[in-house]
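Right, one structure below, let's go through it.
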Amino acid sequence: MDSSQKNLERINSMMKEKGVLTDKGTGLQYYTGYSYATLYDWDQYFEAIIQSYMGWDMVYAKNAVNIFLRSQRADGFIGRSVPPGGEFEAGEMVKPFLAQTAYFICKKEKNFDWLTEKNYGGLKKAVAYWTDGPGKSENGLSVWRSGPHTGMDNQHERAGKWEADYCEGADLNCYLIRECRAMAKLAEMTDRADDVSFFDSAADKLKLAVQSLWHEGDGIFYDRDRRTGELIKVKYAGAFAALWAKAATPEQAERMVTGYITNPNEFWRAFPLSVYAASEPGYREHREDGDLGCNWRANTWIPVNYYVFQGLRSYGYNEAAKLLAYMTYEAVAEIGDREYYNSDSRTGCGLDPFWGWSLLAYFMPDEFENGCDPTSLG
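The numbering used here puts the first residue of the sequence shown at 399, with every later residue one more than the last.
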């Protein structure tokens with residue numbers, strides 16, 4: 399048995415032993431990478447991909463979506479974690495990844511029976527809460543409630559703290575473009591022609607609106623403060639979700655790749671990619687007093703590497719994609735399965751071991767060599 403096969407068996411054993419839990423509210427079994435048993439919104443999307451690579455049935459991924467949908471309010475709102483992590487977290491909408499997860503499941507299984515009328519309707523209402531609900535700004539873009547709401551917990555410089563409610567996130571609206579595309583695909587699969595047109599049109603409108611976040615002088619997408627209309631000039635890796643969502647022009651992609659992604663003075667650090675640019679005043683490997691959640695500054699988080707990797711490939715930056723895939727894999731194999739990593743000192747942080755989305759690192763080289771993109775919405 400070769401070392402890669404032994405490694406996959408080790409990962410599979412760890413996942414089965416530690417990651418499968420039962421939700422008290424619904425009785426459904428689900429998967430989480432967290433020792434404290436929380437089911438998070440975007441984690442479950444990336445974890446579904448890992449489960450697929452392990453050859454698992456998609457039952458835990460389906461259950462994760464069902465657990466979120468069963469907590470949905472009449473207005474479409476769904477809290478971003480199960481169980482909620484406190485009153486503030488309970489007031490923040492699930493990130494727009496549920497439809498993408500549902501599409502991944504349906505595509506994987508080639509069976510759409512799981513996507514019942516009720517499930518489809520819930521997903522549709524969740525997207526509408528983002529695109530037409532209280533979090534939509536006057537500029538046609540959706541708004542993060544706080545730094546923790548972004549998932550990049552302590553990036554307070556761009557999104558504030560609890561109930562700040564001002565950040566038109568470049569990352570958020572690119573995730574929403576993908577979520578609308580996923581809804582269009584689900585509608586197509588289930589013969590809802592009107593919804594296909596509706597969601598593709600919604601994605602196109604968002605793509606156009608995201609262009610207003612581009613700063614021509616700096617060559618990067620920024621967030622915007624809905625209160626002032628001014629761009630929030632904080633350079634963070636979530637801006638590169640524009641590649642993953644195919645929201646950037648070829649010229650914009652080139653400027654971001656050459657000026658930032660592969661620039662060692664910005665994001666391409668000893669363990670790329672840092673989630674803040676090294677030129678940012680907030681770039682540091684340690685948390686400071688007042689920081690909420692985990693550290694998302696001079697740190698590398700594997701799911702961000704993963705979607706940037708897929709975005710690089712989609713724009714034809716194959717050499718950069720290859721380097722990112724192999725450097726991510728080699729660093730994780732060397733350091734171990736951790737929640738996140740320090741970008742400069744190449745050390746592990748957070749949960750140890752971690753059996754969540756960081757495991758994506760083990761599959762990135764094979765995806766590059768085989769031209770595989772499980773996140774494709776094509």
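Cβ coordinates follow ideal geometry from the N, Cα and C atoms, glycine included. Since this is a predicted model, take the numbers as computed values, not measurements.
Here the alpha carbon of L574 sits roughly 22 Å from the alpha carbon of E649. The distance from the Cβ of M654 to that of I630 is about 17 Å, inconsistent with a contact at the 8 Å cut-off. The alpha-carbon of F475 is positioned some 17 Å away from that of L437. Taking C-beta separations shorter than 7 Å and ignoring five residues to either side along the sequence, the partners of E678 in its chain run V632 and K633, following chain order.
DSSP places L722 inside the alpha helix (DSSP H), whose first and last residues are N716 to I733. Of the other Cβ atoms in all chains shown, 16 or more fall within 10 Å of the Cβ of P670; this residue is therefore buried.
The beta carbon of E628 is closer than 8 Å to those of R622 in its chain, skipping five residues each way along the sequence. If you compare the alpha carbons of F486, V418 and A526 with that of A459, the shortest gap goes to V418.
Straight through space, the alpha carbons of Q403 and D455 are spaced by roughly 20 Å. Only residues of its own chain outside the window of five on either side were considered, and among them F761 have a CB closer than 6 Å to the CB of Y451, listed in chain order. Rounded to the nearest whole angstrom, the CA to CA distance from D563 to K508 is 40 Å.
Straight through space, the alpha carbons of S756 and D750 are spaced by roughly 11 Å. R556 and G545 have their alpha carbons spaced roughly 7 Å apart.
Membership of Q449 in the alpha helix (DSSP H) is indicated by the continuous run D441 to Y451. Leaving aside the five residues that flank R625 on each side, the residues in its chain whose CB is nearer than 6 Å to its CB run, in chain order, Y564. Under DSSP, H554 shares a beta bridge with no residue.
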